[in-house]
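Its first residue numbered 6, the sequence shown is counted upward by one per residue in our numbering.
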Amino acid sequence: MENSTYNSLILQVEGLNVSNESIYPVFLFFFCSYLFILVANVGIVVLVFIDKKLHQPMYLLFCNLPVNDIVGNSIMLPRVLSDILVPPSERLISYYECVLQAFTTHMFGTTSHTILMIMAFDRYVAICNPLRYAAIMTNKMVVKLTVSAWGVAFVLVGILLGLTIRLNRCRTMIMNPYCDNASLFKLSCESVFINNVYGLTFTVVLLSASIGSIVLTYAKITVVCVTSKNQSLNSKALKTCSTHLMVYLIMIFSGISVITLHRFPQYSDYRKLSGILFHVIPCSLNPVIYGVQSKEIRRFLSKLFEHRNM
Numbered sequence: 006m007e008n009s010t011y012n013s014l015i016l017q018v019e020g021l022n023v024s025n026e027s028i029y030p031v032f033l034f035f036f037c038s039y040l041f042i043l044v045a046n047v048g049i050v051v052l053v054f055i056d057k058k059l060h061q062p063m064y065l066l067f068c069n070l071p072v073n074d075i076v077g078n079s080i081m082l083p084r085v086l087s088d089i090l091v092p093p094s095e096r097l098i099s100y101y102e103c104v105l106q107a108f109t110t111h112m113f114g115t116t117s118h119t120i121l122m123i124m125a126f127d128r129y130v131a132i133c134n135p136l137r138y139a140a141i142m143t144n145k146m147v148v149k150l151t152v153s154a155w156g157v158a159f160v161l162v163g164i165l166l167g168l169t170i171r172l173n174r175c176r177t178m179i180m181n182p183y184c185d186n187a188s189l190f191k192l193s194c195e196s197v198f199i200n201n202v203y204g205l206t207f208t209v210v211l212l213s214a215s216i217g218s219i220v221l222t223y224a225k226i227t228v229v230c231v232t233s234k235n236q237s238l239n240s241k242a243l244k245t246c247s248t249h250l251m252v253y254l255i256m257i258f259s260g261i262s263v264i265t266l267h268r269f270p271q272y273s274d275y276r277k278l279s280g281i282l283f284h285v286i287p288c289s290l291n292p293v294i295y296g297v298q299s300k301e302i303r304r305f306l307s308k309l310f311e312h313r314n315m
């Protein structure tokens with residue numbers, strides 16, 4: 006083993022396998038997607054904070070989602086875009102930048118689940134216990150839920166990456182378009198049994214908690230709507246819950262696609278592409294779905310455009 010490759014601080018990223026004819030179309034697609042993600046998500050956050058009518062727990066909790074989408078994509082996509090335009094031999098990244106990218110990538114995925122879980126709790130209280138909603142969903146509760154969503158993800162991902170950076174490295178090739186935990190611990194020639202056990206436990210616990218909380222919440226909401234004769238309540242539940250559920254299903258489907266393709270090495274190119282699309286598709290659709298479904302956001306935008314046209 007050469008010393009130059011042992012614990013090297015410079016790594017090479019395999020990147021996407023793109024033909025010469027497809028380089029610029031692929032680059033333009035991801036570049037435009039990134040611009041749209043930035044503009045749409047920043048716009049939603051600014052909109053919620055400048056319109057006092059949107060200073061409600063539902064929208065304040067939702068703001069965590071676009072913030073997560075912006076951070077998750079801003080660390081990963083610009084690097085992927087730059088790598089598309091350079092030859093494979095020049096796709097180099099420092100080890101520390103790679104660790105940071107892996108951390109933010111896993112924070113993005115984990116926090117997406119925890120944020121949607123706290124949003125489900127908000128919908129549960131609003132529909133199943135509307136008379137106590139204002140007393141339960143105070144500003145203090147919103148802060149607690151927000152800190153919990155980010156704090157739990159930070160601890161879980163911190164342990165995940167902590168177990169990886171303790172390993173010595175004897176390889177330098179990242180077999181992915183971007184850095185993640187699996188591609189980092191595969192650089193080691195040591196035993197990664199603990200990493201695999203914790204990674205599997207992490208995934209099972211997160212998905213079980215996420216899917217379990219969503220199923221339980223929506224089961225109780227469904228019972229309330231079925232037994233209630235209040236048409237206004239049922240209409241509100243259908244509108245707000247369908248939006249939340251649609252966003253959740255898009256995220257789950259994207260994540261399962263990546264996990265499934267990991268089991269088929271012959272489809273490595275599709276796995277790489279799906280890994281990037283896991284960031285791009287949900288983050289592009291989230292602001293659109295909430296913008297279209299939210300009466301308050303639609304009203305604000307219509308007033309804004311009417312004022313500009315005057």
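For every residue, glycine included, the Cβ atom is placed at its ideal position computed from N, Cα and C. On a predicted model such as this, the values are computed, not experimentally measured, just so you know.
Notebook entry, point to check: Alpha carbon to alpha carbon, what distance is there between A125 and S247?
Noted result: 11 Å
Check: Secondary structure at V18, three-state DSSP: helix, strand or coil?
Finding: strand
Check: So does the region 57 to 71 actually touch the region 19 to 39, counting three or more Cβ pairs closer than 8 Å?
Finding: no
Check: CB-CB under 6 Å to E7, same chain, minus the five flanking residues each way: which ones, in chain order?
Finding: Residue placement at E7 cannot be trusted, given a pLDDT of 41 that sits under 50; what the coordinates show is reported in the next sentence. Nothing meets the Cβ criterion.
Notebook entry, point to check: The beta strand (DSSP E) with V99 in it runs from where to where?
Noted result: Correcting the residue identity first, residue 99 is Ser in this sequence and not Val. Per DSSP, S99 belongs to the beta strand (DSSP E) from L97 to S99.
Check: For M178, which beta-bridge partners are listed by DSSP?
Finding: Q17
Margin query: Run through the DSSP bridge pairs and tell me what S193 is partnered with.
Written below: R174
Check: With a CB to CB cut of under 7 Å and the five nearest residues on each side skipped, what residues in its chain are close to F207?
Finding: L161 and L165
Notebook entry, point to check: Assuming L16 and I179 make a contact with CB atoms under 8 Å, what is their CB distance in whole Å?
Noted result: 6 Å
Check: Nearest to V220 by alpha carbon, out of H249, F108 and L266?
Finding: H249
Next item on the list: Could you check which residue in S273, T115 and S153 has the C-alpha nearest to that of Y182?
Entry: It should be noted that the sequence gives Pro, not Tyr, for residue 182. The shortest Cα separation from P182 among S273, T115 and S153 belongs to S273.
Margin query: Quick check: the Cα distance between N201 and R171, rounded to an integer number of angstroms?
Written below: 14 Å
Item checked: Contact set for T115: own chain, Cβ-Cβ below 7 Å, skip 5 residues either direction -> A158, L161, V162 and L211
Check: For C68, does the count of other Cβ atoms within 10 angstroms reach 16, so buried, or fall short, so exposed?
Finding: buried
Checklist line | Host alpha helix (DSSP H) of R268 (start-end) | finding: Looking at the DSSP string, R268 is not in any alpha helix (DSSP H), and its letter there is neither H nor E.
Check: Helix, strand or coil: how does DSSP classify E26 here?
Finding: coil
Note to self: Rounded to the nearest angstrom, what separates V147 and I132 at their Cα positions?
What the structure shows: 17 Å
Margin query: Taking 6 Å as the limit between beta carbons, can you name the residues of its chain near I98, skipping five residues before and five after?
Written below: L16 and V18
Check: Contact check, L105 vs V252 under 8 Å by CB: the rounded distance?
Finding: 27 Å between Cβ atoms; not a contact.
Notebook entry, point to check: For I264, does the count of other Cβ atoms within 10 angstroms reach 16, so buried, or fall short, so exposed?
Noted result: exposed
Next item on the list: Just tell me which of L266, T109 and N73 has its CA closest to the CA of P292.
Entry: N73
Item checked: Straight-line Cα distance separating T222 from T177 -> 45 Å
Checklist line | Among S79, R174 and T109, the one whose alpha carbon lies nearest that of F190 | finding: R174
Margin query: Buried or exposed for R304, going by 16 or more other Cβ atoms inside 10 Å?
Written below: exposed
Check: How many Å lie between V53 and T151 at the Cα?
Finding: 16 Å
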